[in-house]
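Visitor:
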Amino acid sequence: MKQGVASPGAIHSCNELGLSESTPPPPTLPQSVYLGKRVTPAWHCACWWQVAQQDVCLGPPQLLGERELPEGCHQLFLAGQQSSGIFQVQPTGSQPFQVYCDMTTEGGWTVIQRRMDGSVDFDQLWDAYKNGFGDLRGDFWLGLEKIHHLVQEGKYNLLIELEDWEGNSQVVQFVFSLGGESTAYTLNLLGPLSGELENAIGEFRQLPFSTRDRDHDLKADTNCAKHLSGGWWFSTCGHANLNGKYFRSIPRQRHERKQGIFWKTWKGRYYPLKSTIMKIQPAALEAEP
Ligand SMILES: [Ca+2]
Numbered sequence: 001m002k003q004g005v006a007s008p009g010a011i012h013s014c015n016e017l018g019l020s021e022s023t024p025p026p027p028t029l030p031q032s033v034y035l036g037k038r039v040t041p042a043w044h045c046a047c048w049w050q051v052a053q054q055d056v057c058l059g060p061p062q063l064l065g066e067r068e069l070p071e072g073c074h075q076l077f078l079a080g081q082q083s084s085g086i087f088q089v090q091p092t093g094s095q096p097f098q099v100y101c102d103m104t105t106e107g108g109w110t111v112i113q114r115r116m117d118g119s120v121d122f123d124q125l126w127d128a129y130k131n132g133f134g135d136l137r138g139d140f141w142l143g144l145e146k147i148h149h150l151v152q153e154g155k156y157n158l159l160i161e162l163e164d165w166e167g168n169s170q171v172v173q174f175v176f177s178l179g180g181e182s183t184a185y186t187l188n189l190l191g192p193l194s195g196e197l198e199n200a201i202g203e204f205r206q207l208p209f210s211t212r213d214r215d216h217d218l219k220a221d222t223n224c225a226k227h228l229s230g231g232w233w234f235s236t237c238g239h240a241n242l243n244g245k246y247f248r249s250i251p252r253q254r255h256e257r258k259q260g261i262f263w264k265t266w267k268g269r270y271y272p273l274k275s276t277i278m279k280i281q282p283a284a285l286e287a288e289p
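Numbering of the sequence shown is given in the UniProt record's numbering, commencing with residue 1 and proceeding in unit increments.
1) Which residue wins for smallest C-alpha separation from residue 270, given the options 283, 252, 276, 278?
2) Considering only residues of the segment 174-228, which uninterrupted alpha helix (DSSP H) runs meet the minimum length of 4 residues and lie entirely inside it, listed in chain order?
3) Beta-carbon within less than 8 Å of residue 109's beta-carbon, same chain only, minus the 5 sequence neighbours each way: which residues are those?
4) Residue range of the alpha helix (DSSP H) that residue 147 falls in?
5) Can you tell me where the alpha helix (DSSP H) with residue 126 in it begins and where it stops?
6) Could you tell me the boundaries of the beta strand (DSSP E) in which residue 279 lies?
7) Using only the heavy atoms of ligand 1, determine whether one of them is closer than 7 Å to the beta carbon of residue 79.
8) Could you please give me the residues that DSSP links to residue 115 through a beta bridge?
9) Once you ignore the five residues that flank residue 169 on each side, which residues in its own chain have a CB closer than 8 Å to its CB?
10) Quickly, what does DSSP pair residue 110 with across the bridge? List them, please.
11) DSSP three-state call for residue 266: helix, strand or coil?
12) Please classify residue 78: does DSSP put it in a helix, a strand, or coil?
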């Protein structure tokens, strides 16, 4: 990870981040220095500037209970963090790790996947999909183990945003849970999809994750990940693959095109999409006023 974040339990300080505490705050504060240090039960500032005799805290000063770090982006949003960026989170039972938080006016979304410029190779094996890869500010896969820790056994909304090369975009949203590695990170659909698009996860309610070296897909005579590209919750190969190869122009050959990023029920099986983003948020929010 690029940002200077100390190991869990260490004393975070501005100096560790190469910042001086007497430096006036820049007009736009770098979000990577929003670090909190717990003094039970509140968050206290580890990194702050003094402006006109007042401490300007760069960390969320609000109460977050007994936790040292927020469990995910929505908790950080509830603590008052309103701008998007990279933050340190620590779900229960997990080591801390960094995520990109997409903060909207209604809540915080933890981004788990993004394709935007093809700068990262998504044709990776099981361990890479388990642990994550890429750049949180660009193209990345957060990692199945981290996603599982974020979701735990709870119900989450998954929001998928898709963009084609003509400036059109679409969204798909559904409630899901995600099993651990013993279930091959099985994605469980817990409700109907919302949005304009038909389901391209297939008619399946449960789908394990597959990579080239771990075939858990539902097509007995084919390894979908090898036949296509990347790792995904493949059913019978043809419904969707947002972790396929990134193509800047549409390849002429169909066998190449099918390796691309696609969502069959929108642009079809052979249209490599321009960008995708996948983000999650606790589903219980829906019930709140
Ligand atoms: Ca198979």
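Even for Gly, the Cβ is constructed at its ideal location relative to N, Cα and C.
Guide: Concretely, from the data shown:
1) Of all alpha-carbon atoms in 283, 252, 276, 278, the one lying nearest the alpha-carbon of residue 270 is that of 252.
2) 224-227
3) Around residue 109: 73, 74, 101, 102, 103, 159, 279, 280, 281.
4) 144-151
5) 126-131
6) 275-282 is the span of the beta strand (DSSP E), which, as asked, contains residue 279.
7) Answer for residue 79: no, Cβ out of range of ligand 1.
8) 276
9) Closer than 8 Å at Cβ, skipping near neighbours: 161, 162, 163.
10) 101, 280
11) helix
12) In this structure, residue 78 counts as helix in the three-state DSSP scheme.
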